[in-house]
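*Asks:* Count the sequence shown with our numbering and you get residues 173 to 578, in order. From the three backbone atoms N, C-alpha and C, an ideal C-beta is built for every residue, glycine too. Small disclaimer: the values here were computed from a predicted structure and weren't measured.
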Amino acid sequence: MQSEHKLKVYSITMITVGLVIGLGIFRTATDSAQASLNPGIYFSAWILGGIIAICGALTFAEIGSRYPNTGGYYQIFAYAYHPALAFALNCVIIISNAAALAGVALIGSEYLSSAFPSWQLSDNARSMIAIGSIALFYAVNLSGLKISSRILNVLMAIKIGILLMLIFSLFFPHYHHPVPVPIQFPEWNGDSLSSLGAALIAICFTYGGYQQAINFGEEVDRPSHTLPRGIISGILIVLVLYLLVNIAYVKVIGFEDLKSAKGVAAIICGKLFGETGQYLIALLLFFAVLAYVDVMLLTNPRVMFAMSRDGALPNIFKQQNQKNVFVASLSVFTLLVIVILFFANTFEKLLGFTMFLDSIGMVFASATLFIFRKNNVEPQGANSLYKMKLFPLPTIIFIICYLFVT
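1. Is it the case that the Cβ atoms of Ile373 and Ala229 are separated by a distance below 7 Å?
2. Give the DSSP bridge partners of Leu179, in chain order.
3. Suppose only complete runs of 4+ residues qualify. What are the alpha helix (DSSP H) ranges in the segment 221-247, listed by chain order?
4. What are the boundary residues of the alpha helix (DSSP H) that includes Glu282?
5. Buried or exposed for Gln174, going by 16 or more other Cβ atoms inside 10 Å?
6. Alpha carbon to alpha carbon, what distance is there between Phe498 and Ser285?
7. Mapping the DSSP letters down to three states, classify Ile193 as helix, strand or coil.
8. Would the segment 507-517 count as touching the segment 297-307 if we require 3 or more Cβ pairs under 8 Å?
9. Based on Cα-Cα distance, which residue from Leu565, Ile235, Phe576 and Phe198 lies nearest to Leu399?
10. Within 10 angstroms of the Cβ of Gln128, are there 16 or more other Cβ atoms? Answer buried if so, exposed if not.
11. Between the Cα of Leu470 and those of Lys561, Lys431, Ala329 and Tyr310, spot the shortest distance and give me the residue it belongs to.
12. What first and last residue would you give for the alpha helix (DSSP H) that runs through Pro566?
13. Take Gly221 and list the residues in its own chain whose beta-carbon comes closer than 7 Å to its own, dropping the five residues that flank it on each side.
14. Using CA coordinates, which residue listed in Gly533, Ser531, Met534 and Phe563 is at the minimum distance from Lys546?
15. What whole-angstrom Cβ distance do Thr185 and Gly402 have, given they're in contact under 8 Å?
16. Along the chain, where does the alpha helix (DSSP H) that runs through Ser367 open and close?
17. Quick one: Cα of Ala271 to Cα of Leu513, how far?
18. Would Thr448 be called buried (16 or more neighbouring beta carbons within 10 Å of its own) or exposed?
19. Asp295 by DSSP, collapsed to three states: which one?
20. Please list, in chain order, all residues of the same chain as Lys490 whose beta carbon is under 6 Å from its beta carbon, the five residues on each side excluded.
21. Determine the contact status of Val192 and Gly381, defining contact as a CB-CB distance below 7 Å.
22. Name the residue from Ile223, Ser396 and Gly275 whose alpha carbon lies nearest to the alpha carbon of Asn241.
23. Is it true that the segment 329-345 meets the segment 405-422, where meeting means three or more beta-carbon pairs spaced less than 8 Å apart?
24. Met337 lies in the alpha helix (DSSP H); which residues open and close that run?
25. Relative to the C-alpha of Pro255, which residue among Leu485, Val535 and Leu415 is closest?
26. Which class does Lys443 belong to by DSSP, given the choice of helix, strand or coil?
27. Can you name, in chain order, every residue of its own chain whose Cβ lies under 7 Å from the Cβ of Phe579, other than the five neighbours on each side?
28. What is the residue span of the alpha helix (DSSP H) that Glu428 lies within?
29. Here's the rule I'm using: 16 or more other beta-carbon atoms within 10 Å means buried, otherwise exposed. How should Pro566 be labelled?
30. Along the alpha helix (DSSP H) that carries Phe505, what are the first and last residues, could you check?
31. Considering just the uninterrupted stretch of the alpha helix (DSSP H) at Asp203, what are its terminal residues?
32. Where does Asn496 sit, in a helix, a strand or coil, going by DSSP?
33. Which same chain residues, not among the five before or five after Phe515, have their C-beta less than 8 Å away from its C-beta?
34. Using three-state DSSP, classify Gly483 as helix, strand or coil.
This is the structure we're talking about:
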């Protein structure tokens, strides 16, 4: 497939950041704190989650460099394993991605309802708001990749601005929790390891998504150069932001209060700017979630296109309009998200389901690098090929950790 708009390093970096930073960081800190026995386990889990994400980013950067294709997930499975297994695994991944998008859209609706507390919205009403945001960006994606990627860049700037505002609270001790939180490394035993694993479920959900960037392979300028730099740059930006934001959460809200906090980002902004600021940030966070909605509606139809191109799905899924939009694939994926929202209308129901399915896909996808290395798979005409250092250690660490979380 040829695209008039080739994606550069900056766009791939922003797409990667957009894939990772949904609104999970504004919600899952509470879930991971509830699972952690103490602050030491809490921060250990976030650091370990970052290490896992770096190992995954290195792995998928090389996979994308070696096999750049639109809908790369299906293509790498079909090459490395078998088309039948590729079809099954991609169905699992598409359902997992739809559930993740549904979950993040629900987080956005929770923040919107907190911006207007007098509304007193029910779970069903929040689901309808989430569906509305998805429908909005379904329409945006029909306008083509160029417009969608430009809107994504703007929305990501808003989202990163909110994260920086939360980090800003670290420099104002006056607003910190009155009881200092001692952070000590825990004594590792059965209970602490179990707590660590439980905390990692929410954390790996929050760090995940960067692997979807390989689905843009044929639409990237010099993919062997651009994909690895964009993916790795994106995950490093996320890692720094996440660690600083979590320090801010614990410093300002307090570890024990964090376990039961609702709308942690709005709470911090409320302390900094008062009640009006709290409601304004809650409203901005709803708009920030649209960046994740946008990027997920960009990536997943390309997987369905690749499946159709290889005959695994009907031909209608590879048809494009004049703006190179896969209309049927986009429409079916959007409908799948809406159906999942109807059946599981709370974030907690979606989290465990998403991580179980996502872990299956991540393990099988990362393992393809061993096959690509063995067969010396390289794109034709590539001037340079990214090869991670210390291979296969990062990939093995990534696979073991995801099996542990599962």
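*Replies:* Reading from the atomic positions:
1. No. Outside cutoff.
2. Under the DSSP definition of a beta bridge, Leu179 partners with Val392.
3. Listed in chain order, there is nothing to give.
4. For Glu282, the uninterrupted alpha helix (DSSP H) segment begins and ends at Pro255 to Ala287.
5. With a pLDDT of only 48 at Gln174, under the threshold of 50, the placement of this residue in the model should not be trusted; the figure read from the coordinates follows. In the assembly as shown, Gln174 is an exposed residue. Its beta-carbon has fewer than 16 other beta-carbons within 10 Å.
6. Rounded to whole angstroms, the gap between the alpha carbons of Ser285 and Phe498 is 33 Å.
7. Note: Ile193 maps to coil in three-state DSSP.
8. Three or more beta-carbon pairs drawn from the segment 507-517 and the segment 297-307 are found closer than 8 Å, and the two stretches are therefore classed as touching.
9. Cα-wise, what sits closest to Leu399 is Ile235.
10. What is shown of the chain runs 173 to 578, which leaves residue 128 out entirely.
11. Distances from the CA of Leu470 to each of Lys561, Lys431, Ala329 and Tyr310 were compared; the closest alpha carbon is that of Tyr310.
12. Here the alpha helix (DSSP H) through Pro566 covers Leu565 to Val577.
13. So the qualifying residues of the chain are Leu372, Ile375, Cys376 and Tyr379.
14. Nearest in C-alpha terms to Lys546, of all of Gly533, Ser531, Met534 and Phe563, is Phe563.
15. Correct: roughly 5 Å between the Cβ atoms.
16. First-last of the alpha helix (DSSP H) with Ser367: Gly362 to Tyr379.
17. Their Cα atoms are separated by approximately 8 Å.
18. Around the beta-carbon of Thr448, fewer than 16 other beta-carbon atoms lie within 10 Å, marking it exposed.
19. Asp295: helix per DSSP, three-state reduction.
20. Around Lys490: Phe477, Ser480 and Arg481.
21. With respect to the 7 Å criterion, Val192 and Gly381 are classified as neighbours on the basis of their beta carbons.
22. Comparing Cα-Cα distances from Asn241 to each of Ile223, Ser396 and Gly275, the minimum goes to Ser396.
23. The answer is yes - the segment 405-422 touches the segment 329-345, with three or more Cβ pairs under 8 Å.
24. Unbroken alpha helix (DSSP H) run through Met337: Leu317 to Phe340.
25. The option with the nearest alpha carbon to Pro255 is Leu485.
26. Three-state DSSP puts Lys443 in a helix.
27. Residue 579 lies beyond the stretch modelled for the chain, which goes from 173 to 578, so this question has no answer here.
28. Phe427 to Leu430 is the extent of the alpha helix (DSSP H) around Glu428.
29. It is buried - the Cβ of Pro566 has at least 16 other Cβ atoms within 10 Å.
30. Val499 to Phe515 is the extent of the alpha helix (DSSP H) around Phe505.
31. The continuous alpha helix (DSSP H) containing Asp203 extends over residues Thr200 to Ala207.
32. In the structure shown, Asn496 sits in coil (DSSP, three-state: anything other than H, G, I, E or B).
33. Setting aside the 5 residues that flank it on each side, Phe515 has no residue in the same chain whose C-beta is closer than 8 Å to its C-beta.
34. Note: Gly483 maps to coil in three-state DSSP.
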